[in-house]
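Protein chains: 2
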Amino acid sequence: MKHYPDPLALVDVALFTIREGRLALLLATRRNRDEPYCGALALPGGVIHVDEDEDAQDAARRVVRTKLGIDPPYLEQLYTFSGRLRDPRRWSLSVAYYSLVPQQVLEATHIEGLEFVPVDALPKLPFDHDAIAAMAIRRLRGKSTYSSLLTFLLPQAFTLPELHAVYEQVTGSNTNIAAFRKKVLDEGMIEPTGQRRTGGQHRAPDLYRRKGAGLQELKRTI
Amino acid sequence: MKHYPDPLALVDVALFTIREGRLALLLATRRNRDEPYCGALALPGGVIHVDEDEDAQDAARRVVRTKLGIDPPYLEQLYTFSGRLRDPRRWSLSVAYYSLVPQQVLEATHIEGLEFVPVDALPKLPFDHDAIAAMAIRRLRGKSTYSSLLTFLLPQAFTLPELHAVYEQVTGSNTNIAAFRKKVLDEGMIEPTGQRRTGGQHRAPDLYRRKGAGLQELKRTI
Numbered sequence: 001m002k003h004y005p006d007p008l009a010l011v012d013v014a015l016f017t018i019r020e021g022r023l024a025l026l027l028a029t030r031r032n033r034d035e036p037y038c039g040a041l042a043l044p045g046g047v048i049h050v051d052e053d054e055d056a057q058d059a060a061r062r063v064v065r066t067k068l069g070i071d072p073p074y075l076e077q078l079y080t081f082s083g084r085l086r087d088p089r090r091w092s093l094s095v096a097y098y099s100l101v102p103q104q105v106l107e108a109t110h111i112e113g114l115e116f117v118p119v120d121a122l123p124k125l126p127f128d129h130d131a132i133a134a135m136a137i138r139r140l141r142g143k144s145t146y147s148s149l150l151t152f153l154l155p156q157a158f159t160l161p162e163l164h165a166v167y168e169q170v171t172g173s174n175t176n177i178a179a180f181r182k183k184v185l186d187e188g189m190i191e192p193t194g195q196r197r198t199g200g201q202h203r204a205p206d207l208y209r210r211k212g213a214g215l216q217e218l219k220r221t222i
Numbered sequence: 001m002k003h004y005p006d007p008l009a010l011v012d013v014a015l016f017t018i019r020e021g022r023l024a025l026l027l028a029t030r031r032n033r034d035e036p037y038c039g040a041l042a043l044p045g046g047v048i049h050v051d052e053d054e055d056a057q058d059a060a061r062r063v064v065r066t067k068l069g070i071d072p073p074y075l076e077q078l079y080t081f082s083g084r085l086r087d088p089r090r091w092s093l094s095v096a097y098y099s100l101v102p103q104q105v106l107e108a109t110h111i112e113g114l115e116f117v118p119v120d121a122l123p124k125l126p127f128d129h130d131a132i133a134a135m136a137i138r139r140l141r142g143k144s145t146y147s148s149l150l151t152f153l154l155p156q157a158f159t160l161p162e163l164h165a166v167y168e169q170v171t172g173s174n175t176n177i178a179a180f181r182k183k184v185l186d187e188g189m190i191e192p193t194g195q196r197r198t199g200g201q202h203r204a205p206d207l208y209r210r211k212g213a214g215l216q217e218l219k220r221t222i
């Protein structure tokens, strides 16, 4: 039976956070002289380490841990990009993931060679990372309207205006906050913690948390 | 820099059709003596042919063409399954696709070693094909409620009762046909062809077609 050479197998991660009120993507300067586009800003990623990584998700988790020193609170497979031409080395496939990290978790991180770039100001990226980033942004925007996904961009306890501001920033829409409050509460995406934010100059606002540990998705029916 | 061996790179396809009014999946008897589970029924698939396949989707298309002699009218990437243990050969990843083919296209096909098995009567499958099939069924059911996906299980021109029957079969739900008709027409998933089905004993019913060549998805907003 004919033997076919194996493709190059990689993972790439589109890691989102909020920086200065704007949705931003993590870009990393490519440092490995053995690899293409050394010196360029790109999505963090790399080849699967078959001797260390249990699966592709584990490889993506390792990439985030290596770059940021944290385990990503939310990491989901996005799509697998593949083909003869996407990588100058050879036929390759990259299992792309997207991740959401609250800015508070990252405020400590000022790591050499890492940048958080607003998604509306991304530079031209190497490989097909423009397409990966664009799909990740579409997925994030799409899921924002029918899941608790955006709560992963916020600390464990947040106010409704904070969630609403992130929603408007990510989706680029203007939504009446009362309608937004009703929707996210009616749909059981979030719940009150029973605490209030203290120390503010205004009347201390109620704090909320994501309902359930994982992602809540709306049931859609006819 | 350390070199890592490449994983085995495969594609697998969950191909759906309607057989005798039931949602069914294509299973193929594994025939290659060099490969594991020879003789077992499994999802059709195989290694990526880097010298022939432009990308993973092209590899999946080749798998369907090889098995059924047709180009799948609808083929979409499902998820990439990967890991150290899923394939007895070595660390592997399989880019899984799902496909929908109208039964009329397949009525001719009685190919040795191929079976269309109702999704509620699947045998235990090798590798992690149980998980691939289960996710494909979930995706199909989920998308059925907010897209024109199910029209790909029907011929180009179909009646509303035919679409409604497929919807109820796939989702396992009972929906009032008038409400269903209103939804699919209001949402612009389908449109009348202006023709009627002739030759029936009843009053000839109106024929409809999918609106637009590709998949129509509903916009979801707050």
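The listed protein sequences derive, respectively, from chains A and B. The letter at position 200 of the first sequence is residue 200 when you use our numbering, and the numbering goes up by one with no holes. The letter at position 50 of the second sequence is residue 50 when you use our numbering, and the numbering goes up by one with no holes. Virtual Cβ for every residue (Gly too), placed ideally from N, Cα, C.
Query, Result
"Three-way DSSP call (helix, strand, coil) for isoleucine 70 of chain A in this model", "coil"
"Limits of the unbroken beta strand (DSSP E) element including aspartate 206 of chain B", "206-210"
"Contacts of leucine 8 of chain A in chain B (Cβ-Cβ under 8 Å)", "Asp6"
"Partner residues on chain B for glutamine 77 of chain A, Cβ-Cβ distance less than 9 Å", "Tyr79, Thr80"
"Whole-number beta carbon distance between valine 119 of chain A and leucine 25 of chain A, since they are thought to touch under 8 Å", "6 Å"
"Collapsed DSSP secondary structure at aspartate 12 of chain A in the structure displayed", "strand"
"From A:Trp91, A:Cys38, A:Val184, A:Phe16, residue whose alpha carbon lies closest to that of tyrosine 74 of chain A", "A:Phe16"
"Segment contact flag, the region 115-129 of chain A with the region 157-164 of chain A, C-beta cutoff 8 Å, min 3 pairs", "no"
"Nearest-angstrom Cα separation, counted from arginine 196 of chain B out to glutamate 54 of chain A", "56 Å"
"Histidine 3 of chain A versus arginine 181 of chain B: straight-line alpha-carbon distance, rounded", "52 Å"
"Selection from A:Gly113, A:Thr151, A:Thr145, A:Tyr98 that minimises the alpha carbon distance to glutamine 104 of chain A", "A:Thr151"
"Close Cβ partners of glutamine 156 of chain A (< 7 Å) along its chain, the five nearest in sequence each way excluded", "Arg209"
"Proximal residues of chain C, C-beta to C-beta of isoleucine 48 of chain B below 9 Å", "Looking at the structure shown, chain C is missing, and the protein chains on hand are A and B."
"Secondary structure of serine 173 of chain B, DSSP reduced to three states", "coil"
"Listed by chain order, chain B residues near aspartate 206 of chain A by CB distance under 8 Å", "None at all; the shortest Cβ gap to chain B is about 20 Å."
"C-alpha distance - serine 99 of chain A paired with proline 44 of chain A, whole-angstrom precision", "12 Å"
"Spatial distance of isoleucine 222 of chain B from valine 184 of chain B (CA atoms)", "For isoleucine 222 of chain B, the predicted structure reports a pLDDT of 48, less than 50, and the residue's modelled location is therefore unreliable. A value from the coordinates is still provided. Straight-line Cα distance between these residues: approximately 21 Å."
"8 Å Cβ cutoff met for alanine 42 of chain A and valine 11 of chain A", "no"
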